[in-house]
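Visitor: For any residue, its number in the numbering used here is found by taking its place in the sequence shown, counting from 1, and adding 5.
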Amino acid sequence: MLRPKKVGHVVLKARDLDCLEEFYTQVLGFEVVTRLTRPKGVFFSLGEQHHDLAVLEVPPEATPVHDAQVGLHHVALQVEDFGTLKAFYHALKQRRAEITGTIDHGITKSVYFRDPEGNQFELYCDEGEDGLERLRRGEADAFTPLNLDA
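1) Could you check what DSSP says for A19 in three-state terms: helix, strand or coil?
2) Under a three-way DSSP split, which group does L25 fall into?
3) Let me check understanding here. Comparing Cα to Cα, which of R20, I104, R101 lies closest to E122?
4) In the structure shown, what three-state DSSP assignment does K45 receive?
5) Under a Cβ-count criterion, where at least 16 other Cβ atoms within 10 Å of its own Cβ denotes burial, should N152 be classed as buried or exposed?
6) Is T113 closer than 8 Å to Y129 when the C-beta atoms are compared?
7) My understanding is that G46 touches A59, with C-beta atoms under 8 Å, so please give their C-beta distance in whole angstroms.
8) When the Cα of D155 is compared with those of D86, P9, A92, which residue comes out closest?
9) Report the residue ranges of all beta strand (DSSP E) runs contained in full by the segment 55 to 95; include only those spanning at least 3 residues, in chain order.
10) Which residue marks the beginning of the beta strand (DSSP E) containing G136, and which one marks its end?
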């Protein structure tokens, strides 16, 4: 069976590239690796690949993302550990980012939020070494709240 080696990067569309560039670099720690002029866009890296994320500009009148549309639900970014996840949570709150959920999935602990353009992201840390097998056994939970304010 043919299959890809891995998911390489995600490309999003945005009306305000400058706003997202500031958010992705200052809040999430991405590095800008290049800017395009045609189409207008920005490529970002977390330092291990040539790019992990790219954003291409769309016209200001473009329709915003909404939950009921078909398409991408969210982009997940893994963090090192639970302490780092909590630090990101507090940084997002300080920036008044829209936090849409904090969940203990059993195999991961996760913070869901929206960027300034409304794209949903997940920051998560793994819980334990056997997440794939636990997920195959149906042990993941989508609804256990996670309190990160304590």
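Beta carbons are placed, not taken as given, at the ideal position from N, Cα and C, and that holds for glycine.
Guide: Taking the coordinates as given:
1) In the structure shown, A19 sits in a strand (DSSP, three-state: E or B).
2) L25: helix per DSSP, three-state reduction.
3) R20
4) strand
5) Under this definition N152 is an exposed residue.
6) Taking 8 Å as the Cβ cut-off, Y129 and T113 qualify as a contacting pair.
7) The Cβ separation is near 6 Å, so the contact holds.
8) Checking the displayed sequence, the identity of residue 155 turns out to be Ala instead of Asp. Looking at the Cα atoms, A92 is the closest of the given residues.
9) Segments of the beta strand (DSSP E) lying fully in the segment 55 to 95: 58 to 62, 80 to 83.
10) Unbroken run through G136 is the alpha helix (DSSP H), 136 to 141; no beta strand (DSSP E).
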